[in-house]
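J.:
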Amino acid sequence: MTVSSVAELLKSDLFLQEVAVKGWVRTFRSNRFIALNDGSTINNIQCVVDFENTDEELLRRITTGAAVSIKGTLVESQGKGQSVEIQVSELEILGDSNPDEYPIQPKKHSMEFLRENAHLRVRTNTFSAVMRVRSALSFAVHKYFQENGFNYVNTPIITGSDAEGAGEMFRVSTFEANKAPLTEEGEIDYSQDFFGKETNLTVSGQLEAETYAMALGKVYTFGPTFRAENSNTTRHLAEFWMIEPEVAFMDLDGNMDLSEDFIKSVLAYVLENCKDDLAFLDQRFAKEESQKPQAQRSEMGLLEKLRFVVDNNFKRVSYTEAIDILRNSKPNKKKKFQFPINEWGADLQSEHERFLVEKHFKCPVILFDYPASIKAFYMRLNDDGKTVRAMDVLFPGIGEIVGGSQREERLDVLKEKINAMGIEEKELWWYLDLRKFGTAVHSGFGLGFERLVQFATGMGNIRDVIPFPRTPQNAEF
Ligand code: 4AD
Ligand code: MG
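Note that UniProt numbering has the sequence shown beginning at 1, numbered continuously upward.
Spelled out as structure tokens, the structure:
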């Protein structure tokens with residue numbers, strides 16, 4: 001007899017047939033009803049044990065968390081909210097779970113407690129739903145690009161370049177403890193690092209992706225990135241996954257179109273393919289929101305928000321227009337912004353981004369043409385000499401979900417910017433080569449995958465949408 005998944009059985013019409021299934025016990029009620037889950041769906045299948053004819057010792061071993069193998073007859077269920085159940089004829093305990101020790105009890109646990117038990121939290125409804133949606137989203141990412149003529153490129157994890165020029169990098173070291181070479185001043189000589197070179201974990205695959213776009217035309221990366229920023233927020237991780245498309249002969253308008261089409265497409269995919277998980281997460285989101293003060297509550301439910309994003313145009317606004325709006329606004333009647341915007345050129349804080357998206361435009365916003373002084377060196381300078389062809393996509397409840405730009409393709413301008421930012425030309429010789437040999441307009445962006453998963457699942461904290469979050473406190477697993 002083939003072993004079926006719970007998802008298959010719940011959809012099947014094999015009434016009165018013998019079936020086999022394996023999974024973990026979620027609950028065991030009245031010495032009779034097992035709620036069995038195998039991870040294939042958010043739903044459990046009810047397995048009814050003939051307790052009068054079952055050994056007492058065996059009954060005692062059917063505990064929350066135990067792994068079991070079940071054979072029985074599939075019948076129509078009498079119970080509410082389920083179509084079928086299994087009348088158990090054979091039950092084998094594959095792995096016991098001591099109820100006095102098992103941390104995941106059938107009750108509500110705090111998120112903090114579950115984060116400490118990251119190895120077991122995926123056995124809860126919330127985390128299994130989130131991780132299935134995450135998996136479907138990554139499939140949708142590859143599907144979108146592969147169907148649209150992009151090549152998947154793997155950019156290095158260990159690199160000598162600081163793509164963002166922000167200096168928030170983890171060093172990679174081959175030094176043995178206490179044996180690091182020292183400079184004349186007695187400090188660790190990192191220039192000797194990694195077999196004689198200074199290296200770090202990548203903060204972005206963009207610069208390398210650019211080299212591939214200038215040969216393959218349309219490429220994308222989808223890999224881990226690392227930021228050694230000590231920010232304890234609900235939107236930052238030290239290790240996160242980034243998706244970075246890069247396209248030759250595409251300008252900033254094309255880049256905005258691509259980001260909007262891409263995001264809508266992957267969200268439409270999960271709306272269509274993760275219905276049960278999203279229905280569960282929609283209810284969870286509604287419950288969480290109802291516990292917040294009125295002013296902070298989301299105006300839309302989770303599913304409603306997802307459909308809204310898929311069905312409506314993103315608003316495109318220049319940085320300069322946004323600054324005018326922010327100068328003339330208050331986040332609410334009584335309060336000012338914590339960081340008031342006083343002048344053109346100021347960097348936007350997340351309170352400003354969220355105001356624009358959630359209160360002013362009430363839809364996703366693409367901000368473009370930022371001041372050159374607050375953006376990275378590689379962005380294309382506009383004719384005004386003070387703004388660059390940058391774009392950020394801002395999302396309700398999230399803030400910045402995408403950062404991208406048209407790249408500076410003119411060798412002389414790029415060299416000038418590199419020099420002005422104090423970067424040595426020889427460090428980027430290969431990047432400058434792209435501007436020497438067959439240079440062309442090209443653009444791309446980076447989307448933080450966890451922020452996308454957060455939006456799709458309605459989870460409030462980014463630590464709860466990645467299996468093993470790396471944050472300043474947590475790198476145990
Ligand atoms: O805006 P960022 O820093 O842009 C880049 O790295 C560009 N090189 C991308 C490109 O043009 N190819 O990062 C891009 C996105 C952000 O919009 C955000 O969604 C996400 O990456 N991100 C983070 N996500 C989680 N934790 C962090 N610490 C993040 N930092 C950035
Ligand atoms: Mg950014």
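Ideal placement from N, C-alpha and C gives every residue a C-beta, glycine not left out.
Quick check on L367: does DSSP put it in helix, strand or coil?
T.: strand
J.: Should S69 and V21 be called a contact, given that it needs their Cβ atoms to be closer than 9 Å?
T.: yes
J.: Just checking, does the segment 102–115 make contact with the segment 238–247 on the three C-beta pairs under 8 Å criterion?
T.: no
J.: Thinking C-beta only, is I462 closer than 9 Å to R235?
T.: yes
J.: Count the other CB atoms, across all protein chains shown, that sit within 10 Å of the CB of K218; report buried if there are 16 or more and exposed otherwise.
T.: Answer is buried; the Cβ neighbour count reaches 16.
J.: For L303, which of helix, strand or coil comes out of DSSP?
T.: helix
J.: How should P293 be labelled, buried or exposed, when 16 other C-beta atoms within 10 angstroms of its C-beta is the threshold for buried?
T.: exposed
J.: Measuring CB atoms only, is the segment 219–234 touching the segment 135–150, in the sense that at least three cross pairs come out at less than 8 Å?
T.: yes
J.: At the level of alpha carbons, what is the spacing between G39 and S128?
T.: 7 Å
J.: Less than 9 Å separating the beta-carbons of G160 and K197?
T.: In this structure, G160 sits near K197, with a CB-CB distance shorter than 9 Å.
J.: Beta strand (DSSP E) containing I93: first to last residue?
T.: 84–95
J.: Can you find the residues in the same chain that come closer than 8 Å, C-beta to C-beta, to V61, ignoring five residues on each side of it along the sequence?
T.: Rather than Val, the amino acid found at residue 61 in this sequence is Arg. Correct list, in chain order: I93, D96.
J.: According to DSSP, N474 sits in a beta bridge with which residue or residues?
T.: T471
J.: Using alpha carbons as the reference points, say which of D55, Q17, T124 lies closest to L91.
T.: L91 has its Cα closest to that of D55, out of D55, Q17, T124.
J.: Return the chain-ordered list of same chain residues with a C-beta closer than 7 Å to the C-beta of R316, the five sequence neighbours on each side being excluded.
T.: M256, I366, F368
J.: For a quick check, are the C-beta atoms of F455 and K287 less than 9 Å apart?
T.: no
J.: Could you give the first and the last residue of the continuous alpha helix (DSSP H) run that contains D261?
T.: 252–273
J.: Have a look at A209 and K335 and give me their C-alpha separation to the nearest angstrom.
T.: 44 Å
J.: Report buried or exposed for E358, applying the criterion of at least 16 other Cβ atoms within 10 angstroms of its Cβ.
T.: Buried, because 16 or more other Cβ atoms sit within 10 Å of the Cβ of E358.
J.: Can you tell which of H352, Y319, R354, K333 has its C-alpha closest to the C-alpha of Y370?
T.: It is Y319.
J.: Look at F337 and E351 and say whether their C-beta atoms are less than 9 Å apart.
T.: yes
J.: For the 8 Å Cβ check, are there 3 or more pairs between the segment 436–453 and the segment 248–263?
T.: yes
J.: Is I157 near L201, with beta carbons less than 9 Å apart?
T.: yes
J.: Using only CA atoms, which one of R435, L428, M391, P396 lies nearest to D412?
T.: R435
J.: Would you list the residues sitting across from H442 in a DSSP beta bridge?
T.: A248
J.: L14 and N43 look like a contact to me (Cβ under 8 Å); what is the Cβ gap, rounded to whole Å?
T.: Actually they do not touch by this definition, with Cβ atoms about 17 Å apart.
J.: Rank V270, I188, E168 by C-alpha distance to the C-alpha of F175 and give the top, closest one.
T.: I188
J.: Please indicate yes or no: does the CB of V203 lie closer than 8 Å to some heavy atom of the ligand NAP?
T.: As presented, the structure is devoid of the ligand NAP, carrying the ligand 4AD and the ligand MG as its sole ligands.
J.: Between I401 and N117, what straight-line distance do the alpha-carbon atoms span, to the nearest angstrom?
T.: 28 Å
J.: Does G422 pass the burial test, meaning 16 or more other C-beta atoms within 10 Å, or should it be called exposed?
T.: exposed
J.: Taking just the CA atoms, how far does D392 sit from N419?
T.: 25 Å
J.: Tell me the start and end of each unbroken alpha helix (DSSP H) in the segment 351–433 that is at least 4 residues and wholly inside, in chain order.
T.: Here the runs fully enclosed are 411–420.
J.: Is it the case that the Cβ atoms of R284 and T126 are separated by a distance below 9 Å?
T.: yes
J.: Quick check on DSSP: helix, strand or coil for R132?
T.: helix
J.: Say yes only if the C-beta of S405 is nearer than 8 Å to one or more non-hydrogen atoms of the ligand 4AD, and no if none qualify.
T.: yes
J.: Measuring alpha carbon to alpha carbon, tell me which residue in I323, P331, L302, S265 is nearest A295.
T.: P331
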